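One structure below.
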Amino acid sequence: MSEFFYVVKIAVATVVFIIIMQTQWGNKPLEGHLVTWIRTSSMIEPVRDFSERGAVIVRKTYRNVTAFIDSKLKSNARSSNRKSIFNLKRDASVEDAKDLETDESQAGL
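To convert, take the position in the sequence shown, counting from 1, and add 47; that gives the numbering used here.
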């Protein structure tokens, strides 16, 4: 039941936040003033540079990991025979029993 009240509380807080952001202040809503302040802020450039560098690091790491995995898979596929992966052999006792059955059936004819 506490989860339900949490969801209701968050939903009410969201609606209140949206209403506050749409309140007119001067000739623009408060949201417009906030967007203008963010765009002209001196802090936005370092944040943008940091996020761009982070995206480059993630992209290069992803590319290197996928290339490493691909090279390992290709080298394993080249070095091993695919038929050897599913190498199924019958037990010798089954083969002996089959041979014995065949010999008995031929002798009975």
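Built from N, CA and C at the ideal position, the CB exists for glycine as well. Predicted model only: the values in this text are computed from it and were never measured.
Our two residues, arginine 86 and leucine 77, have alpha carbons roughly 14 Å apart in a direct line.
Here the alpha carbons of serine 89 and aspartate 96 stand approximately 12 Å from one another.
In the same chain as glutamine 71, and ignoring 5 residues on each side of it, no C-beta atom comes closer than 7 Å to its own.
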